[in-house]
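Note that my numbering numbers the sequence shown so that position 129 is 223, with each residue one more than the last. Positions of the beta carbon are idealized from the N, C-alpha and C atoms, including for glycine. Notes follow once the structure below has been shown.
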Amino acid sequence: PSVVLRTFMADSLIDLGDFGRAEGLAEEARRRAEAANHVYSRANINHVFGRLRIAQGRPAEALQLMRESWQTCLDLEMKQMYPIFAARMGEAYLALGDIDAALDILAVPERLDIPLAEHAFGWRYLFLAQGQALLAAKRHDDARAVAERALALAQERGEPPQSARAQKLLGD
């Protein structure tokens, strides 16, 4: 129901700091997903709303949205989405100051042995979120190793924005 396109657009607007337009697109996507009763689409747009709520300083709301998306992901065995949803939930926990919970959820996709080929951009987000959580936990060597994984994957896939994010994490 055109939700995926709006999901990516809203997510990109968050990156640009245009929260108002991101909120409007995300709300339109949510209405479409609800009208179609499409669970997968609802889970996807919720992760964008979660990211938006974190950016707005409302991490508790973000976590609630991400828990719902994560449960949908598990229920429907949407394995390709585990990395991105775990990354977003980890970001919410980190924004709440719960470093241990962030590290726990961020470790799940690798424990489930989801291949890197599945949802490659989600893995890069996961590695970056892991790096931030590891930095918060003062585990600098581990954070560096994860940032290097993110950078290698981004360079392998030829994605300059993700390379820049990984390089920033290396600098942090």
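>> Whole angstroms are fine: how far does the CA of A149 sit from the CA of I108?
In response: On the sequence shown, position 14 is the one that residue 108 refers to. On the sequence shown, position 55 is the one that residue 149 refers to. Cα to Cα, I108 sits roughly 8 Å from A149.
> Okay, do the region 236 to 245 and the region 254 to 266 touch, 3+ Cβ pairs below 8 Å being the bar?
Replying inline: The region 236 to 245 vs the region 254 to 266: in contact.
>> Quick check: Y187 and L206, are their CB atoms within less than 8 Å of each other?
In response: Stepping through the sequence shown from its first residue, residue 187 is reached at position 93. Stepping through the sequence shown from its first residue, residue 206 is reached at position 112. It is not a contact, given that the beta carbons lie outside the stated cut-off.
> Helix, strand or coil for H132 per DSSP?
Replying inline: Along the sequence shown, read from residue 1 onward, the residue named residue 132 stands at position 38. Of the three classes helix, strand and coil, the one that applies to H132 here is coil, per DSSP.
> Counting only runs that start and end within the region 107 to 132, where is the alpha helix (DSSP H) found for 4 or more residues in a row?
Replying inline: Entirely contained in the region 107 to 132, the alpha helix (DSSP H) runs reaching 4 residues are, in chain order, 113 to 130.
>> At 4 residues or longer, what runs of the alpha helix (DSSP H) sit wholly inside the region 194 to 253?
In response: With a minimum length of 4 residues, the unbroken runs of alpha helix (DSSP H) contained wholly in the region 194 to 253 fall at 214 to 230 and 234 to 251.
> Comparing alpha-carbon positions, which option in L228, M183 and C167 lies nearest F143?
Replying inline: If you number the sequence shown from 1, residue 143 lands on position 49. Scanning L228, M183 and C167 for the CA closest to the CA of F143 turns up M183.
> Which two residues bound the contiguous alpha helix (DSSP H) that contains E185?
Replying inline: Taking the sequence shown and counting its residues from 1, the one referred to as residue 185 is at position 91. For E185, the uninterrupted alpha helix (DSSP H) run begins and ends at Y176 to A189, by DSSP.
> Can you tell me whether DSSP reads E162 as helix, strand or coil?
Replying inline: Locating residue 162 in the sequence shown gives position 68, where the first residue counts as 1. When DSSP states are grouped into helix, strand and coil, E162 belongs to the helix group.
>> Suppose you measure from the CA of E117 to the CA of E155; what does that come to, to the nearest Å?
In response: Mapped onto the sequence shown, residue 117 falls at position 23. Mapped onto the sequence shown, residue 155 falls at position 61. Using only the alpha carbons, I get a separation of about 14 Å.
>> For a quick check, are the C-beta atoms of L119 and R145 less than 8 Å apart?
In response: Taking the first residue of the sequence shown as 1, we reach residue 119 at position 25. Taking the first residue of the sequence shown as 1, we reach residue 145 at position 51. At the C-beta level, L119 and R145 stay beyond 8 Å of one another.
> Around the Cβ of N131, are there at least 16 other Cβ atoms within 10 angstroms (buried) or fewer (exposed)?
Replying inline: Within the sequence shown, the letter at position 37 stands for residue 131. Around the beta carbon of N131, fewer than 16 other beta carbons lie within 10 angstroms, which makes this residue exposed.
> What's the C-alpha gap between A237 and A260?
Replying inline: One-based indexing of the sequence shown puts residue 237 at position 143. One-based indexing of the sequence shown puts residue 260 at position 166. Those two C-alpha atoms are separated by around 11 Å.
> Considering only residues of the same chain and omitting the five flanking positions on each side of M160, which have a CB-CB separation below 8 Å?
Replying inline: Counting from one through the sequence shown, the residue named residue 160 turns up at place 66. For M160, where only same-chain residues beyond five positions count, the Cβ hits under 8 Å are N140, H141, G144, F179, R182, M183 and A186.
>> Spatial neighbours of N138 within its chain, please: C-beta separation below 7 Å, excluding the five flanking residues on both sides.
In response: Locating residue 138 in the sequence shown gives position 44, where the first residue counts as 1. Closer than 7 Å at the Cβ level, and outside the excluded window around N138, lie V97, V98 and T101.
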